[in-house]
Structures are given as C-alpha cells and as structure tokens.
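Taking it in order: structure first as structure tokens, then the write-up.
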Amino acid sequence: MHSGDGSWFVSDPLQRLLHPLLCIGNLANSLFRISGR
35 MHSGDGSWFV SDPLQRLLHP LLCIGNLANS LFRISGR
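The numbering of the sequence shown is this note's numbering, which starts it at 35 and goes up by one.
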C-alpha cells in the first residue's frame with residue numbers, strides 16, 4: 035500500500051475528505067483525554 039514516498043493517497047479525491055476528518059478525530063481524541071474520559 036505504501037509506495038515509500040508518503041504520497042500514496044494524495045492524488046485521491048477522498049484524501050480531501052479524510053484529511054480534515056482525521057484532524058477532527060485527533061482533536062476530539064485529545065479533548066476526550068483532557069476531559070478525563
């Protein structure tokens with residue numbers, strides 16, 4: 035799956051949706067940990 039250059043998903047239009055979702059997911063994860071869950 036990995037081609038080695040780290041751009042295995044860049045040319046895919048899904049990446050435009052997945053990238054913000056991943057950022058939001060990371061933020062939500064951090065908030066949940068901070069809130070003591």
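Virtual Cβ for every residue (Gly too), placed ideally from N, Cα, C.
None of these values were measured; they are calculated from a predicted model.
Separation of PRO47 and LEU55 (C-alpha to C-alpha, rounded to the nearest whole angstrom) is 14 Å.
Counting along the chain, SER69 sits inside no alpha helix (DSSP H), nor does DSSP assign it H or E at all. DSSP, reduced to helix, strand and coil, places PRO54 within a helical segment of the structure shown.
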